[in-house]
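See below for the structure under consideration.
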Amino acid sequence: MSEKGQIAIPVDLRKDLEIASGEKLMVLRRRDDAGISLIKLSAVNDLMHQIQEDETLFSKIKDTEVEHVG
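In structure tokens:
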């Protein structure tokens, strides 16, 4: 880690994970303080968008009357 608190991610790993220069990463701290995880912010945004779509779909399903056959 640099004096500025910067961490270098090896080029091979950046290529494998498709992390572009300047891409924003979310830093998650472990509860036991044993380390951190890095997640691409774009992936978090995609996940949040998917959750919003799912909530909209579930809301529509919930509001639809269900006819029981039997």
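Residue numbering for the sequence shown follows the UniProt record's numbering, starting at 1 and increasing by one per position. Cβ atoms here follow ideal geometry from the backbone N, Cα and C, with glycine treated the same way.
What three-state label does DSSP hand residue i in the structure shown?
i          : result
residue 1  : coil
residue 59 : helix
residue 43 : helix
residue 6  : coil
Which residues bound the beta strand (DSSP E) around residue i?
i          : result
residue 25 : 25-29
So residue i is in the alpha helix (DSSP H); what residue range does that whole segment cover?
i          : result
residue 38 : No alpha helix (DSSP H) holds residue 38; the beta strand (DSSP E) holding it covers 36-40.
residue 33 : That residue, residue 33, is in no alpha helix (DSSP H); it is neither H nor E in DSSP.
residue 13 : 11-16
Are residue i and residue j closer than 8 angstroms when you measure CB to CB?
i          : j          : result
residue 40 : residue 23 : yes
residue 42 : residue 28 : no
Once the 5 residues before and after residue i are set aside, which same chain residues still bring their CB inside 7 angstroms of it?
i          : result
residue 25 : 38, 39, 40, 41
residue 19 : 9, 40
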